[in-house]
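Protein chains in written order, with our numbering: chain A, 31 to 179; chain B, 45 to 942. Comments concern the structure below.
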Amino acid sequence: MADRNDPGTRIEILLIEDNPGDVRLTKLALKGGKILNNINVVTDGAEAMDYLLKRDKHSNAARPDLIILDLNLPKKDGRQVLKEIKDNESLKRIPIVVLTTSKDTQDVLKSYNLHANAYITKPLDLDQFIEVVRSIETFWVSVVRLPPK
Amino acid sequence: MKPKQTEGDLNTLTKQMLSKILSTSPERIFIYDVQEQRNIFSNRTLAKFLGFPPEQKRELGSDQFQIIIHPEDSPRLAEHYRIISESKTQGVFEVEYRVKDASNDWHWLHSRAVPFTRDENGNVTQILGITSDVTKARNAEEELRQSKSMLSQILDSVPQSIAWKDRDGVYLGCNWQFSRQVGLANPEMVIGRTDHDLPWPRRDAERYRSDDRDILERNRPKRHIIEVMQAADGTRFWVDKSKVPLTDENGDVKGILAVFDDITERRRTEDTIKKEREQLLSIFDSMDEVVYVADPTTFELLYVNEAFRRNFGQGVGQPCFQILQNRKESCPFCTNNRIFGEHTGTTYIWEFQNEKTKNWFRCIDRAIRWSDDRMVRFEIAIDITEIKRMNVELQKHRKNLEQLVQERTKELLSANEQLRIKDNAIRSSTAAFAIIDLNGLLTYVNPAFARIWGYESEVEIIGRPFAGFVEDPTYIDIMMNEMRDKGFWSGEAYGRRKDESKFIVDTYVSVVQNESGTPICIASSFVDVTEKKRAENSLIKAELRYRTLFERSPDGVVIYNIETLLPVEFNDKACQQLGYARDEFSKLRMGDLELGVDSEKINERLSYIMDTGQATFETIYRSKEGRLLDVLVTIQAIVIDNQKMAFVLVRDITGMKLVEASLWRRTEELQRSNEELEQFAYVASHDLQEPLRMVSSFVKLLQRDYKGKLDDSADEYIFFAVDGVNRMYALINDLLDYSRVKTGGKEFLQTDMNKVLEQALSNLKLAIDNTKAKISATTLPTLEVDSGQMVELLQNLIGNAIKYRKPNEQPVIEIKAERKTGDWIISVRDNGIGIAPQYHERIFGLFQRLHVWGEYEGTGIGLAIAKRIAERHGGHIWVESEPGKGSNFSFSIPVGKE
Chain A
31 MADRNDPGTR IEILLIEDNP GDVRLTKLAL KGGKILNNIN VVTDGAEAMD
81 YLLKRDKHSN AARPDLIILD LNLPKKDGRQ VLKEIKDNES LKRIPIVVLT
131 TSKDTQDVLK SYNLHANAYI TKPLDLDQFI EVVRSIETFW VSVVRLPPK
Chain B
45 MKPKQTEGDL NTLTKQMLSK ILSTSPERIF IYDVQEQRNI FSNRTLAKFL
95 GFPPEQKREL GSDQFQIIIH PEDSPRLAEH YRIISESKTQ GVFEVEYRVK
145 DASNDWHWLH SRAVPFTRDE NGNVTQILGI TSDVTKARNA EEELRQSKSM
195 LSQILDSVPQ SIAWKDRDGV YLGCNWQFSR QVGLANPEMV IGRTDHDLPW
245 PRRDAERYRS DDRDILERNR PKRHIIEVMQ AADGTRFWVD KSKVPLTDEN
295 GDVKGILAVF DDITERRRTE DTIKKEREQL LSIFDSMDEV VYVADPTTFE
345 LLYVNEAFRR NFGQGVGQPC FQILQNRKES CPFCTNNRIF GEHTGTTYIW
395 EFQNEKTKNW FRCIDRAIRW SDDRMVRFEI AIDITEIKRM NVELQKHRKN
445 LEQLVQERTK ELLSANEQLR IKDNAIRSST AAFAIIDLNG LLTYVNPAFA
495 RIWGYESEVE IIGRPFAGFV EDPTYIDIMM NEMRDKGFWS GEAYGRRKDE
545 SKFIVDTYVS VVQNESGTPI CIASSFVDVT EKKRAENSLI KAELRYRTLF
595 ERSPDGVVIY NIETLLPVEF NDKACQQLGY ARDEFSKLRM GDLELGVDSE
645 KINERLSYIM DTGQATFETI YRSKEGRLLD VLVTIQAIVI DNQKMAFVLV
695 RDITGMKLVE ASLWRRTEEL QRSNEELEQF AYVASHDLQE PLRMVSSFVK
745 LLQRDYKGKL DDSADEYIFF AVDGVNRMYA LINDLLDYSR VKTGGKEFLQ
795 TDMNKVLEQA LSNLKLAIDN TKAKISATTL PTLEVDSGQM VELLQNLIGN
845 AIKYRKPNEQ PVIEIKAERK TGDWIISVRD NGIGIAPQYH ERIFGLFQRL
895 HVWGEYEGTG IGLAIAKRIA ERHGGHIWVE SEPGKGSNFS FSIPVGKE
């Protein structure tokens, strides 16, 4: 088993985001980073679960090393997704960074209660946005030791 | 002796002898030549004579002689020689003079000189002299003289008279005292005389001589002979005389030395003392009191007076305790310890009861000096038995007296009190009271009388005829007539005051009689009823006034009887407003027209009102036509003529209520719309942010990725787009802020505005430092505010002050707080560019800007937010400013929030 922390190993990141603009921006940010990564995108909550559970068309989905989750999602709400993932024995260890437009303290509270690993409000400014996303990557991939798959 | 000696042998012998004589002789023999003025012969040099050392063994010339001769004697010696040398006759000339020897000691030299040879004219040419050293003799003489002198001094300085005589009684000498005593001028006049020659009486002289003979025979002195002598002038004096025999070396009596002291004074004193003592003792004997003197150690009675002897018998020589107290030993209470020892000199007074006689004595004890100089006990004992008894009696009497006095005093006091109360009653009475004598004169008036009649004091009134105090004196006649018949009169009269004003007085006069029925005076009382009358008038007027008010009141006024609940009184309005006629209304009970109340409630309400006094409430009445009226009812508990009543005001507020309702509705609507707007603003701004973010991000990406790749126009377009986006962001943020003033507002708490200012300034630190702004502030108060919003407000105003500064001028900003009625006004004054008056309102509007976007930063929402914050706190915000003269922004916070 390759050590994910070795340079050269690709990181699997799952981005659960419905806003295509934000998808674009996030991909942009992550691409510009130093770490090699595979970014997979799902645009609603239901599909997110399918992907993670390798259901239907996602039977070959790669298990993500990191999940970036928006809260306001169509079909299944992001908060629900969070809950389901963290309730799942095999999935719960995957670090989830909530990246959302909401500043609501209730959302923050709820998210952490549901064991989100981090909660970040999307910055309004482009540069800040890129910075933040890159730092997510840096932190969760280079700094932190991820749990074994 | 050999017979027939030759002349030559004789000469030889005599020469030899002469020589030996000359050399052996201790004296100095010399021949002095007058002409040569020196000694031409001497058997011994003066030097040797004087014992000068061998070096000086030569004849002393006159010079050397001058050195050794005493300067006092030198002229005498010279004179001595002169006399001799000039003498015509033979004779022996003597002189004595002093010279000093080698050791500088003085020698007395005695020279005897005779003329030796003379010349044909008979003048002396040579002098023969013999000089002897008489120093010793002279010294001895001197000593003798000195001791004689001392002896003489001693003799004359002692006080005694001293004289000495020989065996035959001839006075050999005496001292001055003796001669004076005897009456002679000096001792010389005594010497050589016998006692018979001296001026004392023959008898005395005889006595002296016989004494002398006695002494001489027995060779034994006689001392301390006390006798009387007589002086020359006849005065007699007492002496203490001693005579001792004087003996020579062999022990033979050569004479008598007599010494005596004048003791006249002493004897006189002794006499006096003796006389005084006798006098004292006689005093003691004349006293009734017992007096005695006793020895403190032996207790032996040394003296007792007559009184003592009478009481206790003769006791001198006996112990005092035995005679006085019948004791075998000293009394345990003996007071000797009180008068001897350290107490010597103090008088001790004490009382005791004699066991023998049972009498009481007061004793005065003291230590005194007795005739033989010892301190003895002296006591006077005064019999106080009678006094004591009398004292006891006196005490008893005194007690009785005191008691009597106390009782009497009590009686008097209560009598006084009664009088005082009566007097006070009359004095303080507001009713005037007067006593008139039968001649019509006022003999007594009380202060009320004076007051009512307008006088300062009763003094001005007493003695004057009563007629002077009434308006119409004839009324007195009426009074008198009535009193004669009935004994009294009462009625109203006009009194005349001091200032001539008249007044109505309610009068009562009556005749006062003595026991036999004879009238003695007239008692009268008056009540000033002017006031009462005036009060009556006012009352009537008031009545009228109140009735008018009552009738004209815009509200219905009803007075209900609490018992019957029926109206006692009501105005027209009361019944009219409810559509009833007066007679109809008068039958309606309290609460009959009211909706939703039963009699129980009415009673409850009434008892509440009776307790608390009044109640005001809104309720609904039904009019006669059945219309419902909103009414405001005030019920007041009152008492009229001792009867509890309910005073009820009824105000028709139907119209008002309608207005009120509509106002409420409008307010609610406004509130609702406000809230909606709030929400809208919040949601809008919030939701606007999301798409804006998209636009902003991608336009910026465009800018980034394609700058320089498209043409200049594209760059410019992109630039404006980005700029527009930025502005949009700013606006939305500000809009959010603006809406948050209401929605995000926190509760008002006591906040120290100084700390708020601190925070605002801290937030503006960068701007302040960059512009070197000078900021000063007075002490700000503590207010009940939202501290966060206050920081924002101040920060906003101060930030503006810095932002809109004059270029190239240091911004000077003053923050002040001032208390005006109802508000605190906080103001921020700057020296910036100022604002033209026509814009003073607009600047507080939303997004109002007076400058181009690029010139000054900001969206123009700051002041709008500031205004909103001020208004949220119930205050206002405004500006005073002129272009170029800086601005003064002020906002108020109502004091209720302090």
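For every residue, glycine included, the Cβ atom is placed at its ideal position computed from N, Cα and C.
For a contact defined as C-beta to C-beta under 7 Å, what are the partners of residue i on chain A?
{"i": "residue 745/B", "result": "156"}
Give a yes or no on whether 8 Å exceeds the smallest Cβ distance from residue i to chain B.
{"i": "residue 32/A", "result": "Confidence in residue 32/A is poor, its pLDDT being 44 and thus under 50, which makes the residue's placement unreliable; the coordinate value appears in the next sentence. It does not: the Cβ of residue 32/A has no partner Cβ on chain B nearer than 8 Å."}
{"i": "residue 169/A", "result": "no"}
{"i": "residue 184/A", "result": "The shown model of chain A, from 31 to 179, leaves out residue 184/A, and the question about it has no answer."}
{"i": "residue 166/A", "result": "no"}
Taking C-beta pairs closer than 7 Å, name the residues in chain B that residue i reaches, listed in chain order.
{"i": "residue 55/A", "result": "741"}
{"i": "residue 108/A", "result": "Near residue 108/A there are no residues of chain B at all, since even the closest Cβ is about 15 Å away, more than 7 Å."}
Against residue i, what residues of chain B qualify as contacts under a CB-to-CB distance less than 8 Å, listed in chain order?
{"i": "residue 131/A", "result": "733, 734, 737"}
{"i": "residue 62/A", "result": "Result: empty, since nearest Cβ-Cβ is about 12 Å, beyond 8 Å."}
What does residue i reach in chain A if we use C-beta pairs closer than 8 Å?
{"i": "residue 761/B", "result": "Those do not exist, as residue 761/B stays about 18 Å from chain A at its closest Cβ, beyond 8 Å."}
{"i": "residue 773/B", "result": "154"}
Got a sec? Which residues, its chain only, sit under 8 Å from residue i by beta carbon, not counting five neighbours each side?
{"i": "residue 168/B", "result": "78, 128, 129, 130, 131, 159, 160, 161, 162"}
{"i": "residue 823/B", "result": "798, 861"}
{"i": "residue 522/B", "result": "533"}
Closest by CA to residue i, which one among the options?
{"i": "residue 827/B", "options": "230/B, 863/B, 855/B, 850/B", "result": "863/B"}
{"i": "residue 111/A", "options": "166/A, 44/A, 65/A", "result": "44/A"}
{"i": "residue 341/B", "options": "354/B, 363/B, 510/B", "result": "363/B"}
{"i": "residue 525/B", "options": "555/B, 343/B, 927/B, 515/B", "result": "555/B"}
{"i": "residue 224/B", "options": "616/B, 681/B, 306/B, 80/B", "result": "306/B"}
{"i": "residue 133/B", "options": "115/B, 594/B, 118/B, 171/B", "result": "171/B"}
{"i": "residue 566/B", "options": "932/B, 715/B, 489/B", "result": "489/B"}
{"i": "residue 475/B", "options": "423/B, 573/B, 722/B", "result": "573/B"}
{"i": "residue 290/B", "options": "366/B, 241/B, 143/B, 212/B", "result": "212/B"}
{"i": "residue 609/B", "options": "443/B, 631/B, 623/B", "result": "631/B"}
{"i": "residue 261/B", "options": "469/B, 295/B, 371/B, 85/B", "result": "295/B"}
{"i": "residue 729/B", "options": "233/B, 774/B, 196/B", "result": "774/B"}
Can you name, in chain order, every residue of its own chain whose Cβ lies under 7 Å from the Cβ of residue i, other than the five neighbours on each side?
{"i": "residue 519/B", "result": "537"}
{"i": "residue 126/A", "result": "97, 99, 112, 115, 146, 147"}
Can you give me the Cβ contacts of residue i inside the same chain, cut-off strictly under 6 Å, excluding the 5 residues immediately before and after it?
{"i": "residue 349/B", "result": "328, 329, 335"}
{"i": "residue 32/A", "result": "Confidence in residue 32/A is poor, its pLDDT being 44 and thus under 50, which makes the residue's placement too unreliable to answer from."}
{"i": "residue 171/A", "result": "41, 65"}
{"i": "residue 400/B", "result": "370"}
{"i": "residue 436/B", "result": "none"}
{"i": "residue 621/B", "result": "600, 696"}
{"i": "residue 936/B", "result": "867, 869, 919, 920"}
_Does the segment 487-502 of chain B come into contact with the segment 540-555 of chain B, if we say contact requires no fewer than three beta-carbon pairs (one atom in each stretch) closer than 8 Å?_
yes
*Per the contact definition of three or more C-beta pairs closer than 8 Å, is the segment 115-125 of chain A in contact with the segment 88-97 of chain A?*
yes
_Inter-stretch contact at 8 Å, needing at least 3 Cβ pairs: the segment 853-863 of chain B / the segment 812-825 of chain B_ = yes
*Per the contact definition of three or more C-beta pairs closer than 8 Å, is the segment 749-768 of chain B in contact with the segment 783-801 of chain B?*
no
_Can you confirm whether the segment 781-796 of chain B touches the segment 59-70 of chain B when touching is taken to mean that 3 or more C-beta pairs between the two stretches lie within less than 8 Å?_
no
_Would you call the segment 298-315 of chain B in contact with the segment 199-215 of chain B, where contact means no fewer than 3 C-beta pairs closer than 8 Å?_
yes
*the segment 179-191 of chain B touching the segment 80-87 of chain B, judged by at least three CB pairs closer than 8 Å*: no
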